[in-house]
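Peer 1: The opening position of the sequence shown corresponds to residue 1 in the UniProt record's numbering, with each subsequent residue numbered one higher. Think of the CB as a built atom: it goes at the ideal place given N, C-alpha and C, for glycine as much as any other residue. The following block contains the structure, expressed as C-alpha coordinates.
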Amino acid sequence: MNSIPIDLFHEIFTRLPAKSIGKFCCVSKQWASILDRQDFTELFLTRSSTRPRLLFAVQRYGEWLFFSSPQTQNPYEKSSLALAADFHIKLRLDEGYYRCEYTSGLIYFSGTKSQVICNPITGQHAILPKADRELRSFFGFDPIDKQYKVLLINKIGDDERAYHILTLGSGIMRWRMIQCPFTHYVYHTCKRICINGVLYYLAGLPDERYKYGSVGVIVCFDVRFEKFTFIDGECFTDGHNTILVNYKGKLGGISMTYDKSDVFELRICVLEDVEKQEWSKRVHFISRMREKVIEPWPWNIYVVGVTATGEIVLSEKYTHKPSYVYYFNHERNTLKSVEIQGVGEYKEWFNQHRVYYAFSDHVENLSFDDSEQLKSSFTQ
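In C-alpha coordinates form, the structure reads like this:
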(Lines of atoms letter the chains of each structure in order from A; the text may use other names.)
(Lines give C-alpha, C1' and ligand atoms only; values in the text may rest on other atoms or scores of the structure.)
Protein backbone atom coordinates (compact mmCIF):
# COMPACT_ATOMS: atom_id res chain seq x y z
CA MET A 1 0.00 0.00 0.00
CA ASN A 2 2.81 2.43 0.83
CA SER A 3 4.24 1.99 -2.68
CA ILE A 4 1.05 3.26 -4.37
CA PRO A 5 1.06 7.05 -4.99
CA ILE A 6 -1.92 8.84 -3.49
CA ASP A 7 -3.01 10.15 -6.92
CA LEU A 8 -3.16 6.61 -8.28
CA PHE A 9 -5.05 5.52 -5.18
CA HIS A 10 -7.63 8.23 -5.90
CA GLU A 11 -7.85 7.21 -9.58
CA ILE A 12 -8.65 3.62 -8.63
CA PHE A 13 -11.22 4.35 -5.95
CA THR A 14 -13.12 7.13 -7.73
CA ARG A 15 -14.10 4.55 -10.35
CA LEU A 16 -15.96 2.44 -7.77
CA PRO A 17 -19.57 2.69 -6.51
CA ALA A 18 -20.20 4.58 -3.27
CA LYS A 19 -21.25 1.37 -1.49
CA SER A 20 -17.82 -0.14 -2.21
CA ILE A 21 -16.12 2.94 -0.75
CA GLY A 22 -18.08 2.42 2.47
CA LYS A 23 -16.85 -1.17 2.68
CA PHE A 24 -13.23 -0.24 1.99
CA CYS A 25 -13.29 2.29 4.83
CA CYS A 26 -13.45 -0.74 7.12
CA VAL A 27 -10.27 -2.32 5.73
CA SER A 28 -7.85 -0.24 7.80
CA LYS A 29 -7.46 3.11 9.53
CA GLN A 30 -5.12 4.19 6.75
CA TRP A 31 -7.69 3.51 4.03
CA ALA A 32 -10.44 5.14 6.09
CA SER A 33 -8.37 8.30 6.60
CA ILE A 34 -7.65 8.59 2.86
CA LEU A 35 -11.21 7.89 1.74
CA ASP A 36 -12.61 10.35 4.28
CA ARG A 37 -10.46 13.27 3.14
CA GLN A 38 -12.21 16.23 1.57
CA ASP A 39 -10.08 16.17 -1.58
CA PHE A 40 -11.12 12.56 -2.25
CA THR A 41 -14.85 13.11 -1.56
CA GLU A 42 -14.89 16.14 -3.88
CA LEU A 43 -13.07 14.21 -6.61
CA PHE A 44 -15.49 11.30 -6.17
CA LEU A 45 -18.47 13.65 -6.56
CA THR A 46 -16.94 15.17 -9.70
CA ARG A 47 -16.41 11.73 -11.24
CA SER A 48 -19.88 10.61 -10.18
CA SER A 49 -21.36 13.60 -12.00
CA THR A 50 -20.00 12.20 -15.27
CA ARG A 51 -21.95 8.96 -14.77
CA PRO A 52 -25.43 10.10 -13.61
CA ARG A 53 -28.03 7.55 -12.54
CA LEU A 54 -31.76 7.27 -12.09
CA LEU A 55 -32.78 7.04 -8.43
CA PHE A 56 -36.03 5.34 -7.36
CA ALA A 57 -37.65 5.70 -3.93
CA VAL A 58 -40.29 3.05 -3.23
CA GLN A 59 -42.51 2.90 -0.15
CA ARG A 60 -43.58 -0.52 1.10
CA TYR A 61 -45.22 -1.29 4.45
CA GLY A 62 -43.66 1.66 6.29
CA GLU A 63 -40.23 1.18 4.71
CA TRP A 64 -38.57 3.20 1.98
CA LEU A 65 -36.48 1.22 -0.50
CA PHE A 66 -33.91 2.92 -2.71
CA PHE A 67 -32.77 1.65 -6.11
CA SER A 68 -30.66 3.22 -8.81
CA SER A 69 -29.86 2.33 -12.39
CA PRO A 70 -27.53 3.79 -15.02
CA GLN A 71 -29.06 6.74 -16.80
CA THR A 72 -28.98 6.24 -20.52
CA GLN A 73 -26.87 8.91 -22.17
CA ASN A 74 -28.22 8.16 -25.63
CA PRO A 75 -31.38 6.03 -25.51
CA TYR A 76 -31.68 6.15 -29.31
CA GLU A 77 -28.60 4.06 -30.09
CA LYS A 78 -30.43 0.72 -29.91
CA SER A 79 -33.88 -0.44 -30.92
CA SER A 80 -34.39 -2.02 -27.47
CA LEU A 81 -32.58 -1.44 -24.22
CA ALA A 82 -32.63 -2.95 -20.73
CA LEU A 83 -30.72 -1.76 -17.68
CA ALA A 84 -30.29 -3.40 -14.27
CA ALA A 85 -31.24 -1.51 -11.10
CA ASP A 86 -29.12 -1.86 -7.96
CA PHE A 87 -30.84 -2.08 -4.60
CA HIS A 88 -29.16 0.11 -1.98
CA ILE A 89 -30.91 0.46 1.37
CA LYS A 90 -34.11 0.23 3.37
CA LEU A 91 -35.05 3.14 5.59
CA ARG A 92 -37.84 2.92 8.15
CA LEU A 93 -39.48 6.19 9.16
CA ASP A 94 -42.18 7.00 11.69
CA GLU A 95 -45.69 6.39 10.49
CA GLY A 96 -47.31 9.24 8.64
CA TYR A 97 -47.26 11.01 5.31
CA TYR A 98 -43.90 12.15 3.90
CA ARG A 99 -42.91 14.33 0.97
CA CYS A 100 -39.60 13.46 -0.63
CA GLU A 101 -37.13 15.84 -2.29
CA TYR A 102 -33.70 15.32 -3.85
CA THR A 103 -30.69 17.63 -4.00
CA SER A 104 -27.09 16.81 -4.96
CA GLY A 105 -27.05 13.18 -3.87
CA LEU A 106 -29.17 13.45 -0.71
CA ILE A 107 -32.85 12.87 0.05
CA TYR A 108 -34.99 15.09 2.27
CA PHE A 109 -38.13 13.67 3.88
CA SER A 110 -40.63 16.18 5.22
CA GLY A 111 -43.37 14.46 7.20
CA THR A 112 -46.20 15.02 9.60
CA LYS A 113 -44.00 13.95 12.52
CA SER A 114 -40.39 14.67 11.53
CA GLN A 115 -37.94 15.92 8.90
CA VAL A 116 -35.12 13.58 7.88
CA ILE A 117 -32.05 13.94 5.66
CA CYS A 118 -30.85 10.66 4.15
CA ASN A 119 -28.00 9.46 1.96
CA PRO A 120 -29.80 6.85 -0.21
CA ILE A 121 -26.56 5.02 -1.01
CA THR A 122 -24.91 4.70 2.42
CA GLY A 123 -28.09 4.67 4.51
CA GLN A 124 -26.86 7.36 6.89
CA HIS A 125 -29.48 9.85 7.98
CA ALA A 126 -30.03 12.85 10.23
CA ILE A 127 -33.26 13.66 12.08
CA LEU A 128 -33.75 17.42 12.11
CA PRO A 129 -34.88 19.40 15.17
CA LYS A 130 -38.64 19.49 15.44
CA ALA A 131 -40.35 22.53 13.95
CA ASP A 132 -43.77 23.73 15.02
CA ARG A 133 -46.62 24.45 12.63
CA GLU A 134 -44.73 23.54 9.47
CA LEU A 135 -46.57 24.65 6.37
CA ARG A 136 -43.97 23.70 3.74
CA SER A 137 -40.23 23.10 3.62
CA PHE A 138 -37.64 22.88 0.85
CA PHE A 139 -34.17 21.37 0.50
CA GLY A 140 -31.34 23.21 -1.26
CA PHE A 141 -27.58 23.03 -1.83
CA ASP A 142 -25.00 25.80 -2.08
CA PRO A 143 -22.23 24.59 -4.45
CA ILE A 144 -19.86 27.42 -3.43
CA ASP A 145 -19.69 26.80 0.31
CA LYS A 146 -20.71 23.12 -0.13
CA GLN A 147 -23.61 23.49 2.32
CA TYR A 148 -27.05 21.89 2.45
CA LYS A 149 -29.86 23.98 3.86
CA VAL A 150 -33.54 23.44 4.65
CA LEU A 151 -35.95 26.34 4.19
CA LEU A 152 -38.99 26.07 6.45
CA ILE A 153 -42.18 28.11 6.14
CA ASN A 154 -44.34 28.20 9.27
CA LYS A 155 -47.92 29.38 9.53
CA ILE A 156 -48.41 31.96 12.31
CA GLY A 157 -51.92 33.09 11.41
CA ASP A 158 -54.27 33.13 8.46
CA ASP A 159 -52.21 35.78 6.68
CA GLU A 160 -48.85 35.56 8.45
CA ARG A 161 -45.86 33.36 7.69
CA ALA A 162 -42.52 32.88 9.42
CA TYR A 163 -39.42 31.75 7.51
CA HIS A 164 -36.65 29.68 9.08
CA ILE A 165 -33.44 28.16 7.76
CA LEU A 166 -31.34 25.25 9.01
CA THR A 167 -27.78 24.59 7.83
CA LEU A 168 -26.46 21.04 7.94
CA GLY A 169 -22.89 20.30 9.01
CA SER A 170 -22.61 23.47 11.09
CA GLY A 171 -22.27 21.92 14.54
CA ILE A 172 -25.49 21.94 16.55
CA MET A 173 -28.38 22.01 14.13
CA ARG A 174 -30.93 24.73 14.88
CA TRP A 175 -33.55 26.76 13.05
CA ARG A 176 -32.75 30.43 12.40
CA MET A 177 -35.41 32.99 11.45
CA ILE A 178 -34.94 34.94 8.21
CA GLN A 179 -37.02 37.59 6.48
CA CYS A 180 -38.97 37.44 3.22
CA PRO A 181 -39.74 40.85 1.66
CA PHE A 182 -42.99 39.86 -0.06
CA THR A 183 -46.10 37.89 0.83
CA HIS A 184 -46.84 34.66 -1.01
CA TYR A 185 -48.76 31.47 -0.37
CA VAL A 186 -47.22 28.05 -0.90
CA TYR A 187 -49.58 25.30 -1.93
CA HIS A 188 -49.48 21.82 -0.43
CA THR A 189 -48.60 20.28 -3.80
CA CYS A 190 -45.97 22.92 -4.60
CA LYS A 191 -43.05 21.73 -6.79
CA ARG A 192 -39.45 22.88 -6.39
CA ILE A 193 -35.97 22.50 -7.88
CA CYS A 194 -32.47 23.68 -6.90
CA ILE A 195 -30.25 24.86 -9.79
CA ASN A 196 -26.75 26.26 -9.26
CA GLY A 197 -27.46 27.24 -5.65
CA VAL A 198 -30.87 28.81 -6.28
CA LEU A 199 -34.01 27.14 -4.94
CA TYR A 200 -37.10 27.70 -7.09
CA TYR A 201 -40.70 26.95 -6.10
CA LEU A 202 -44.17 27.92 -7.30
CA ALA A 203 -46.39 30.16 -5.17
CA GLY A 204 -49.58 32.19 -5.30
CA LEU A 205 -49.94 35.90 -4.64
CA PRO A 206 -52.37 37.20 -2.00
CA ASP A 207 -55.16 37.97 -4.47
CA GLU A 208 -54.81 34.43 -5.92
CA ARG A 209 -54.85 32.67 -2.60
CA TYR A 210 -58.11 30.83 -3.14
CA LYS A 211 -57.72 30.13 -6.85
CA TYR A 212 -57.03 26.43 -7.17
CA GLY A 213 -53.66 25.75 -8.79
CA SER A 214 -52.97 29.36 -9.76
CA VAL A 215 -49.35 30.43 -10.05
CA GLY A 216 -48.62 34.06 -9.29
CA VAL A 217 -44.85 33.89 -8.96
CA ILE A 218 -41.86 31.60 -9.08
CA VAL A 219 -40.00 32.26 -5.84
CA CYS A 220 -36.19 32.28 -6.16
CA PHE A 221 -34.29 31.64 -2.93
CA ASP A 222 -30.50 32.09 -2.99
CA VAL A 223 -29.28 29.28 -0.73
CA ARG A 224 -25.90 30.86 0.00
CA PHE A 225 -27.04 34.43 0.79
CA GLU A 226 -30.50 33.40 2.03
CA LYS A 227 -32.28 36.06 -0.03
CA PHE A 228 -35.69 35.94 -1.73
CA THR A 229 -36.60 37.28 -5.17
CA PHE A 230 -39.33 36.23 -7.58
CA ILE A 231 -40.15 35.75 -11.26
CA ASP A 232 -43.57 36.20 -12.85
CA GLY A 233 -45.20 32.80 -13.08
CA GLU A 234 -47.87 33.53 -15.67
CA CYS A 235 -46.31 31.01 -18.09
CA PHE A 236 -47.55 28.21 -15.81
CA THR A 237 -51.32 28.03 -15.94
CA ASP A 238 -51.67 25.07 -13.57
CA GLY A 239 -49.29 24.84 -10.63
CA HIS A 240 -50.60 21.46 -9.48
CA ASN A 241 -49.64 19.77 -12.76
CA THR A 242 -46.33 21.58 -13.31
CA ILE A 243 -42.95 20.01 -12.54
CA LEU A 244 -39.98 22.39 -12.26
CA VAL A 245 -36.89 21.01 -14.00
CA ASN A 246 -33.27 21.80 -14.72
CA TYR A 247 -33.16 22.14 -18.49
CA LYS A 248 -29.49 22.32 -19.50
CA GLY A 249 -28.74 24.62 -16.55
CA LYS A 250 -31.86 26.76 -17.08
CA LEU A 251 -35.07 26.84 -15.10
CA GLY A 252 -37.83 24.99 -16.86
CA GLY A 253 -41.34 23.78 -16.21
CA ILE A 254 -43.22 20.82 -17.65
CA SER A 255 -46.95 20.30 -17.29
CA MET A 256 -48.60 17.04 -18.25
CA THR A 257 -52.32 16.61 -18.90
CA TYR A 258 -54.37 13.82 -20.40
CA ASP A 259 -57.95 12.79 -20.99
CA LYS A 260 -59.62 9.39 -21.30
CA SER A 261 -57.87 8.65 -24.59
CA ASP A 262 -54.37 7.23 -25.03
CA VAL A 263 -52.89 10.67 -25.79
CA PHE A 264 -51.38 13.10 -23.32
CA GLU A 265 -50.07 16.63 -23.67
CA LEU A 266 -46.65 17.85 -22.58
CA ARG A 267 -46.25 21.61 -22.29
CA ILE A 268 -42.60 22.69 -21.91
CA CYS A 269 -41.46 26.17 -20.83
CA VAL A 270 -37.79 27.19 -20.46
CA LEU A 271 -36.55 30.49 -18.99
CA GLU A 272 -34.17 31.71 -21.70
CA ASP A 273 -33.44 35.18 -20.26
CA VAL A 274 -33.66 35.76 -16.49
CA GLU A 275 -33.47 39.56 -16.58
CA LYS A 276 -36.06 39.98 -19.35
CA GLN A 277 -38.04 36.96 -18.05
CA GLU A 278 -38.36 35.57 -21.57
CA TRP A 279 -39.62 32.00 -21.93
CA SER A 280 -39.55 29.57 -24.82
CA LYS A 281 -42.63 27.33 -25.06
CA ARG A 282 -43.43 24.09 -26.82
CA VAL A 283 -46.41 21.73 -26.76
CA HIS A 284 -46.26 18.04 -27.71
CA PHE A 285 -48.93 15.35 -27.98
CA ILE A 286 -47.76 11.80 -27.34
CA SER A 287 -49.78 8.76 -28.32
CA ARG A 288 -49.34 5.28 -26.88
CA MET A 289 -50.38 3.63 -30.14
CA ARG A 290 -47.93 5.64 -32.22
CA GLU A 291 -45.01 5.11 -29.87
CA LYS A 292 -45.86 1.44 -29.14
CA VAL A 293 -45.19 1.60 -25.41
CA ILE A 294 -46.68 -0.66 -22.76
CA GLU A 295 -49.91 -0.45 -20.81
CA PRO A 296 -51.20 1.19 -18.68
CA TRP A 297 -51.04 4.54 -20.43
CA PRO A 298 -51.17 7.44 -19.79
CA TRP A 299 -52.49 7.61 -16.20
CA ASN A 300 -49.56 5.56 -14.89
CA ILE A 301 -46.90 7.92 -16.31
CA TYR A 302 -45.43 11.05 -14.74
CA VAL A 303 -42.50 13.41 -15.41
CA VAL A 304 -39.31 12.68 -13.44
CA GLY A 305 -36.94 15.34 -14.76
CA VAL A 306 -34.63 16.21 -17.64
CA THR A 307 -31.21 14.76 -18.41
CA ALA A 308 -28.14 16.92 -19.04
CA THR A 309 -28.61 16.36 -22.78
CA GLY A 310 -32.22 17.58 -22.72
CA GLU A 311 -34.22 14.33 -22.77
CA ILE A 312 -37.37 14.42 -20.64
CA VAL A 313 -37.54 11.36 -18.37
CA LEU A 314 -40.90 9.80 -17.52
CA SER A 315 -41.47 6.97 -15.07
CA GLU A 316 -44.26 4.68 -13.96
CA LYS A 317 -46.14 5.39 -10.73
CA TYR A 318 -46.77 1.69 -10.12
CA THR A 319 -44.10 -0.83 -11.00
CA HIS A 320 -44.52 -4.33 -12.30
CA LYS A 321 -42.42 -6.82 -14.20
CA PRO A 322 -41.10 -5.59 -16.53
CA SER A 323 -40.75 -1.94 -15.41
CA TYR A 324 -39.98 0.90 -17.77
CA VAL A 325 -38.81 4.49 -17.92
CA TYR A 326 -39.25 6.65 -21.01
CA TYR A 327 -36.99 9.22 -22.64
CA PHE A 328 -38.75 11.90 -24.67
CA ASN A 329 -36.64 14.10 -26.93
CA HIS A 330 -38.86 17.09 -27.61
CA GLU A 331 -36.50 18.44 -30.27
CA ARG A 332 -36.82 15.20 -32.29
CA ASN A 333 -40.36 14.53 -31.02
CA THR A 334 -39.40 10.91 -30.29
CA LEU A 335 -40.09 8.64 -27.32
CA LYS A 336 -37.97 5.65 -26.29
CA SER A 337 -38.77 3.06 -23.62
CA VAL A 338 -36.00 1.55 -21.49
CA GLU A 339 -36.63 -1.52 -19.35
CA ILE A 340 -35.43 -1.26 -15.73
CA GLN A 341 -34.72 -4.71 -14.35
CA GLY A 342 -34.88 -5.25 -10.59
CA VAL A 343 -37.40 -2.71 -9.31
CA GLY A 344 -40.44 -4.68 -10.43
CA GLU A 345 -39.09 -7.85 -8.83
CA TYR A 346 -40.48 -6.78 -5.44
CA LYS A 347 -44.03 -8.12 -5.44
CA GLU A 348 -46.80 -6.51 -3.47
CA TRP A 349 -50.54 -6.00 -3.57
CA PHE A 350 -51.82 -6.73 -7.09
CA ASN A 351 -48.21 -7.61 -8.01
CA GLN A 352 -47.34 -3.91 -7.96
CA HIS A 353 -45.88 -1.36 -5.59
CA ARG A 354 -45.68 2.38 -5.73
CA VAL A 355 -42.64 4.26 -6.98
CA TYR A 356 -43.43 7.33 -4.94
CA TYR A 357 -40.52 9.29 -6.34
CA ALA A 358 -37.92 8.96 -9.07
CA PHE A 359 -35.08 11.38 -9.77
CA SER A 360 -32.91 11.89 -12.85
CA ASP A 361 -29.23 12.91 -12.87
CA HIS A 362 -28.57 11.31 -9.47
CA VAL A 363 -24.94 11.53 -8.32
CA GLU A 364 -23.39 9.46 -5.56
CA ASN A 365 -22.19 11.79 -2.81
CA LEU A 366 -19.82 10.88 0.02
CA SER A 367 -19.24 14.36 1.44
CA PHE A 368 -22.19 14.45 3.85
CA ASP A 369 -20.70 12.08 6.41
CA ASP A 370 -20.74 13.75 9.83
CA SER A 371 -20.92 10.97 12.40
CA GLU A 372 -22.20 13.38 15.06
CA GLN A 373 -25.27 14.22 12.96
CA LEU A 374 -25.84 11.02 11.03
CA LYS A 375 -27.03 7.65 12.23
CA SER A 376 -26.33 4.50 10.32
CA SER A 377 -29.46 2.70 9.17
CA PHE A 378 -27.94 0.49 6.51
CA THR A 379 -29.79 -2.78 5.97
CA GLN A 380 -29.68 -5.26 3.13
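Please report the distance separating the alpha-carbon of residue 411 from that of isoleucine 107.
Peer 2: Nothing about residue 411 can be reported from this structure: the residues present for the chain run from 1 to 380 only.
Peer 1: I'd like to check one pair, lysine 149 with isoleucine 127: are the Cβ atoms closer than 7 Å?
Peer 2: At least 7 Å separates the beta-carbon of isoleucine 127 from that of lysine 149.
Peer 1: Looking at isoleucine 89 and glycine 123, is the spacing between their C-beta atoms short of 7 Å?
Peer 2: yes
Peer 1: Use the C-beta contact count for lysine 191: other C-beta atoms within 10 angstroms, 16 or more gives buried, fewer gives exposed.
Peer 2: buried
Peer 1: Return the first residue and the last residue of the beta strand (DSSP E) that serine 315 is part of.
Peer 2: 312-316
Peer 1: For tyrosine 185, list the residues DSSP reports as bridge partners.
Peer 2: Gly204
Peer 1: So what's leucine 128 in DSSP terms, helix, strand or just coil?
Peer 2: coil
Peer 1: Examine the Cβ distances between the stretch 54-73 and the stretch 21-34 and report whether three or more of them are shorter than 8 Å.
Peer 2: no
Peer 1: Can you find at least 3 beta carbon pairs, one from the stretch 245-260 and one from the stretch 166-183, that sit closer than 8 Å?
Peer 2: no
Peer 1: As a quick exercise: from Gln341, His362, Ala358, Phe359, pick the residue whose alpha carbon is nearest that of alanine 82.
Peer 2: Gln341
Peer 1: Pull up the CB-CB distance for isoleucine 21 and phenylalanine 13, whole angstroms please, since I reckon it's below 8 Å.
Peer 2: About 6 Å separates the two Cβ atoms, so the contact holds.
Peer 1: Starting from the C-beta of glutamate 101, find all residues in its chain whose C-beta is less than 6 Å away, skip the five residues before and the five after it, and write them out in chain order.
Peer 2: Tyr108, Phe139
Peer 1: Pull up the distance between the alpha-carbon of residue 381 and that of isoleucine 4, whole angstroms please.
Peer 2: Since the displayed the chain opens at 1 and closes at 380, residue 381 lies outside it and no answer follows.
Peer 1: Check each candidate in Glu265, Ile195, Lys321 and name the one with the smallest Cα separation from glycine 249.
Peer 2: Ile195
Peer 1: Distance, Cα to Cα, threonine 309 vs valine 303?
Peer 2: 16 Å
Peer 1: Rounded to whole angstroms, what is the Cα-Cα separation between histidine 330 and lysine 321?
Peer 2: 28 Å
Peer 1: Alpha carbon to alpha carbon, what distance is there between lysine 227 and glutamate 11?
Peer 2: 39 Å
Peer 1: At what residues does the alpha helix (DSSP H) containing tryptophan 31 begin and finish?
Peer 2: 29-35
Peer 1: Count the other CB atoms, across all protein chains shown, that sit within 10 Å of the CB of glutamine 115; report buried if there are 16 or more and exposed otherwise.
Peer 2: buried
Peer 1: Are the CB atoms of valine 219 and phenylalanine 236 within a distance shorter than 7 Å?
Peer 2: no
Peer 1: From cysteine 25 to arginine 37, what distance separates their C-alpha atoms?
Peer 2: 11 Å
Peer 1: Drop a sphere of 10 angstroms on the beta-carbon of asparagine 119, count the other beta-carbons inside from all chains shown, and report buried for 16 or more, exposed for fewer.
Peer 2: buried
Peer 1: Please state if the CB of phenylalanine 67 and the CB of valine 343 are separated by a distance shorter than 7 Å.
Peer 2: yes
Peer 1: In the DSSP assignment, find the unbroken beta strand (DSSP E) run with glycine 305 in it and report its ends.
Peer 2: 301-306
Peer 1: If I'm right that asparagine 241 touches histidine 284 with Cβ under 8 Å, what's the distance once you round it to whole angstroms?
Peer 2: That belief does not hold up - the Cβ atoms of asparagine 241 and histidine 284 are roughly 15 Å apart, past 8 Å.
Peer 1: In this structure, how does DSSP classify tyrosine 112 when only helix, strand and coil are distinguished?
Peer 2: The sequence shown places threonine at residue 112, not tyrosine. Three-state result, threonine 112: coil.
Peer 1: For alanine 18, does the three-state DSSP call read helix, strand or coil?
Peer 2: Helix, per DSSP.
Peer 1: Exposed or buried, which one is glutamate 316 when buried takes at least 16 other CB atoms within 10 Å?
Peer 2: buried
Peer 1: Please report the straight-line C-alpha distance between lysine 281 and aspartate 273, rounded to a whole angstrom.
Peer 2: 13 Å
Peer 1: Could you round the C-beta distance between tyrosine 327 and threonine 72 to whole angstroms and report it? I think they count as a contact, below 8 Å.
Peer 2: 6 Å
Peer 1: Can you grab the Cα-Cα spacing for the pair valine 363 / isoleucine 178, in whole Å?
Peer 2: 30 Å
Peer 1: Do glycine 197 and arginine 161 have their C-beta atoms within less than 7 Å of each other?
Peer 2: no
Peer 1: Roughly how far, in whole angstroms, is the beta-carbon of asparagine 154 from the beta-carbon of leucine 135, given that I think they are within contact range, below 8 Å?
Peer 2: 6 Å
Peer 1: Under the rule that 16 or more other beta-carbon atoms within 10 Å means buried, what is threonine 103, buried or exposed?
Peer 2: buried
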